[in-house]
Amino acid sequence: MENRTELSSFIDRMLPVCDVLCVAGDTADNPKIFIDFYRLASQRYKQIFLTFGNHDLTVKHDNFFLQNPFTQTLEKLGWIKEKLSELPNVTLLDGTTAKIGKLRIGGCMGFNDFSVGSKTWPQPKQWLLKQWQYWYDNVHWRYMNNNPDVILKDEMQKLETVVSQKPDIIMTHFIPTAFGIPRKYEDEFSNAFFYFDADKYLTRMKNKSIWLAGHTHDTGKKVININTKKITMLINPVGYPMEIHGRYNLEERKKAALISF
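With this note's numbering applied, the sequence shown covers 283 to 543.
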């Protein structure tokens, strides 16, 4: 999508009509498209909440993302934060929480935990780390020296801050447990680059709370019971319209994506 007309058409055709829009990361690799999207969407929704995703952290290098003026991820994210601050009804969740009426929502990007991956898809952690050197994130980020241990620690500290405030909704880009994996991808070692261990956070969540995540292009839903608490986990409930075979039914996706309390 190269211009605001295309963005506006996308919003009209692909996004549900509702009061609040939640975007669990991956708005756009291109920072201009990123901001243009929220400038347009902010006119149609009462409130918008978003986290960063792995595509939002990409920068210009070699022959990649040449329309991106930034060569360092932190510089790009700083510019995005500055522009988002001009939109009063758009809130970036980056280790922070905010109010939706009587509800509280909080979130951050999150990050994958190679230790979890090595247990779920049995490969030594060091082997997975080596494979990550060729993975999209390491290739296209210039962030915290692309040190995955440092990035994970930073994101989990943000998540700890969020969970401590007992939100009704938590939103991350990376996925808190390994679920919702399409059968065709079940044996892929790259699944280790999508998930982290959220057990210690899930046990502290409120009853009837929701954890919304993104990252995968497929939708997923799982209801878990921890002691006496019921927690609903949602992955990318709207889906990726361009990747769904056959006719994209917005009404069906809207029903799956709407959250009511």
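All C-beta atoms, glycine included, are put in the ideal place defined by N, C-alpha and C. Quantities reported herein were computed from a predicted structural model and do not represent experimental measurements.
Compute the beta-carbon to beta-carbon distance between residue i and residue j, rounded to the nearest angstrom, for a pair I have assumed lies under 8 Å.
i           : j           : result
residue 322 : residue 289 : 6 Å
residue 502 : residue 492 : About 13 Å separates the two Cβ atoms, so there is no contact after all.
residue 427 : residue 478 : Residue 427 to residue 478, Cβ: 20 Å. No contact.
residue 372 : residue 355 : Not confirmed; about 21 Å, so no contact.
residue 380 : residue 316 : Not really, about 19 Å apart at Cβ, beyond 8 Å.
residue 403 : residue 473 : 6 Å
residue 504 : residue 462 : 7 Å
Between which two residues does the beta strand (DSSP E) containing residue i stretch?
i           : result
residue 299 : It is not in any beta strand (DSSP E) - residue 299 carries neither H nor E in the DSSP assignment.
residue 493 : 491-495
residue 512 : 511-517
residue 342 : Run containing residue 342: none; DSSP gives neither H nor E here.
residue 381 : 378-382
Hey, could you find the ends of the alpha helix (DSSP H) residue i is sitting in?
i           : result
residue 420 : 418-422
residue 445 : 430-446
residue 386 : First-last for residue 386: 385-390, but that is the beta strand (DSSP E), not the alpha helix (DSSP H).
residue 365 : 355-366
residue 268 : Any answer about residue 268 is impossible in this case: the structure gives the chain only from 283 up to 543.
residue 484 : 481-484
residue 407 : 407-414
Checking 8 Å against the spacing of the C-beta atoms, do residue i and residue j come in under that value?
i           : j           : result
residue 308 : residue 337 : yes
residue 484 : residue 306 : no
residue 374 : residue 324 : no
residue 497 : residue 455 : yes
residue 458 : residue 515 : yes
residue 397 : residue 406 : no
residue 327 : residue 359 : no
residue 366 : residue 416 : no
residue 440 : residue 521 : no
residue 362 : residue 329 : no
residue 343 : residue 353 : yes
Taking only beta-carbon positions, decide if residue i is within less than 8 Å of chain B.
i           : result
residue 511 : Among the chains in the structure shown there is no chain B, since it carries only a single protein chain.
Just list the residues that DSSP pairs residue i with in beta bridges.
i           : result
residue 319 : Answer is none; residue 319 lacks a bridge partner.
residue 329 : 302
residue 372 : 330
residue 451 : 387, 492
residue 504 : 515
residue 477 : 457
(Q) Below 8 Å, how does it come out for the region 341-349 and the region 402-414: are there three or more Cβ pairs, yes or no? (A) Verdict: no, contact absent.
Q. Within the chosen definition, does the region 430-448 reach the region 473-493 through at least 3 CB pairs nearer than 8 Å?
A. yes
Q.
Contact between the region 372-392 and the region 450-457 is defined here as three or more beta-carbon pairs at a separation below 8 Å; is this criterion met?
A. yes
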